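As structure tokens, the structure follows; a few thoughts come after it.
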Amino acid sequence: MVTRSFPGRYDSLAQIGEFIRGITDKAGLNNFAAYTVEMAVDEACSNIIEHAYGAEDQGPITCTCKVNTKGLTIILEDRGRPFDPELVSEPDVTGELEDRPSHGLGLFFIRQWMDEVEFEFESGNGNRLTLYKKRTTASTKSTRQK
Amino acid sequence: MVTRSFPGRYDSLAQIGEFIRGITDKAGLNNFAAYTVEMAVDEACSNIIEHAYGAEDQGPITCTCKVNTKGLTIILEDRGRPFDPELVSEPDVTGELEDRPSHGLGLFFIRQWMDEVEFEFESGNGNRLTLYKKRTTASTKSTRQK
Amino acid sequence: MEITHTQYKHCDLVKVKGRIDSYTAPQLAETFNKITDDGRFKIALEMSELDFMSSAGLRALINTQKVCKRYNRGELVLVAIPGNIHAALDLAGFIPLFKIFDDVLSAVGNF
Amino acid sequence: MEITHTQYKHCDLVKVKGRIDSYTAPQLAETFNKITDDGRFKIALEMSELDFMSSAGLRALINTQKVCKRYNRGELVLVAIPGNIHAALDLAGFIPLFKIFDDVLSAVGNF
Ligand SMILES: Nc1ncnc2c1ncn2[C@@H]1O[C@H](COP(=O)(O)OP(=O)(O)O)[C@@H](O)[C@H]1O
Ligand SMILES: Nc1ncnc2c1ncn2[C@@H]1O[C@H](COP(=O)(O)OP(=O)(O)O)[C@@H](O)[C@H]1O
């Protein structure tokens with residue numbers, strides 16, 4: 002288990018990405034699985050800064066990673082406002098160009114690309130987002146090949 | 002001294018070029034000097050086929066090469082009609098596009114790029130064109146570097 | 014992120030390298046805006062050296078495509094999309110919205 | 014000699030490799046003629062892999078340039094000219110008659 006805290010700023014995103022790539026490497030995820038984790042975490046952290054904190058420099062993002070034989074768990078914690086993801090509807094990803102929303106893809110990517118996604122809010126403790134990515138056969142194989 | 006004979010056909014030109022590159026390599030000419038010799042010989046052989054023989058497959062082109070410390074001599078012989086190069090005037094290489102001739106550059110390249118050019122005709126023996134290319138300091142240097 | 018912009022006779026080529034996330038995407042959007050504000054709506058985005066693109070980057074793409082395609086005056090085309098980014102564009106349903114080219118020459122030549 | 018011809022929206026790209034002499038130049042001339050007979054007069058000739066060009070090749074260039082430039086309808090531009098061939102074009106006084114580009118992208122983008 003590794004925990005690291007980052008300032009809630011957009012220029013932390015590149016460092017968070019690097020940190021996550023280190024973890025996905027160690028977990029032996031294949032290139033594409035690693036990319037989906039990096040992207041899901043990036044989307045979640047952007048949302049924390051933009052929506053939970055409402056601006057940059059309002060608080061930290063804490064990132065805890067656990068690797069086991071079955072997969073990789075990443076927990077993101079912030080002290081911003083609570084959020085009920087159930088209220089967010091799926092974006093239109095099939096309509097004509099003019100009907101396409103330019104917002105609302107972040108959560109969609111997180112849900113599509115992670116195997117489990119859980120949002121929790123405890124007053125006093127803030128928000129906790131748990132992302133879980135299973136090892137696929139392919140990724141296990143690519144680990145063995147190393 | 003090396004002598005080789007080629008059929009007076011346009012598809013001999015590539016082989017003649019290869020033969021000449023072999024000679025310029027052996028003579029240690031630098032890349033550009035070698036190119037000018039290859040081009041002069043190509044122009045001369047094209048003229049032999051087109052003008053001296055008047056068509057393909059009318060006779061051979063004989064190519065004799067001599068290398069010495071001062072430079073490279075190439076003698077091209079054919080059995081086609083005689084030719085007085087004094088009658089050919091220099092092409093216009095400075096005018097407007099519309100005034101530029103599309104013919105008449107071959108002889109010009111031969112004369113500009115070789116150090117000595119001599120046309121001879123002996124009835125019964127046909128034409129003999131002697132091309133001489135001096136070694137330049139640069140080419141001698143590049144030989145020494147080898 | 015590193016952006017290079019070259020203006021050709023009939024189109025603009027934007028090459029983006031590195032990472033597009035919420036921090037850097039505004040620069041890409043600004044590059045596109047400068048081009049379209051100039052009345053130029055034929056844009057090729059070269060992505061071969063792009064490592065990462067979040068939904069902030071997708072936002073810049075879709076917004077620019079809307080501006081470019083309006084009144085049929087042009088379009089944004091995508092060039093040399095890396096595999097992972099292609100998968101993201103695909104999941105977002107962007108593939109039918111953009112012409113895709115393998116190399117810049119065909120992209121620029123298409124305008 | 015090997016010739017590749019690609020038609021783009023605003024121009025045609027001809028790439029020639031190997032050796033242009035009296036034997037092969039007619040093929041190059043024919044490629045150019047097919048393009049101009051099609052009513053297309055903006056042509057880029059990519060020469061980076063050309064080893065040799067005799068005056069027969071120069072002839073094809075100048076004839077095509079005359080056809081292309083007539084009525085201001087286009088031009089033949091030269092791309093990535095190898096050093097020795099550049100020297101020959103220079104000696105023949107061709108340099109002022111052709112726009113020259115370092116790479117195909119700028120050549121195609123210029124049309
Ligand atoms: N961590 C969060 N805290 C509060 N609200 C959030 C959070 N994440 C997402 N949201 C809400 O869900 C919406 C959809 O989020 P998302 O799909 O990431 O798209 P976007 O951020 O582009 O709007 C956001 O507009 C916001 O209202
Ligand atoms: N070997 C030759 N035999 C006879 N006539 C020649 C020969 N070489 C050149 N000529 C004459 O000199 C002219 C100029 O030759 P050149 O400069 O090579 O241009 P081109 O062959 O393109 O006409 C030719 O048109 C031809 O009339």
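Protein chains in written order, with our numbering: chain A, 2 to 147; chain B, 2 to 147; chain C, 14 to 124; chain D, 14 to 124.
Glycine included, each C-beta is placed from N, C-alpha and C at the ideal position.
Being a predicted model, the structure only gives us computed values, none of them experimental.
For residue i, which of helix, strand or coil comes out of DSSP?
i      : result
D:M66  : strand
D:F111 : coil
B:S6   : strand
B:D12  : helix
A:A28  : helix
B:V89  : coil
D:T19  : strand
D:D116 : coil
A:S140 : Any answer about A:S140 is weak, because its pLDDT of 41 lies below 50 and its placement is not dependable; what the coordinates show is given next. It is helical.
A:E117 : strand
A:R101 : coil
B:F110 : helix
B:G23  : helix
C:R86  : coil
C:V80  : helix
A:G18  : helix
D:V121 : helix
B:E51  : helix
A:Q146 : In this predicted model, A:Q146 has a pLDDT of only 36, less than 50, meaning its place in the structure is not dependable; the value taken from the coordinates is given anyway. DSSP places A:Q146 in helix when its eight states are reduced to three.
Please report the residue range of the alpha helix (DSSP H) in which residue i lies.
i      : result
A:Y36  : N32 to N48
D:E43  : A38 to D50
A:L106 : Looking at the DSSP string, A:L106 is not in any alpha helix (DSSP H), and its letter there is neither H nor E.
D:G96  : G96 to L104
Per the DSSP calculation, residue i is bridged to which residue(s)?
i      : result
B:F122 : B:N128
C:L91  : C:L58 and C:I113
D:K30  : D:E15
C:D25  : C:Q20 and C:I56
B:Y133 : B:T74 and B:E117
Using a Cβ-Cβ cut-off of 9 Å, state whether residue i counts as contacting chain F.
i     : result
D:T49 : Included in the structure are the protein chains A, B, C and D, with no chain F among them.
Contained beta strand (DSSP E) runs [length at least 3] in the segment 54-85 of chain B, N- to C-terminal order: List check, beta strand (DSSP E) in window: 61-68 and 72-79.
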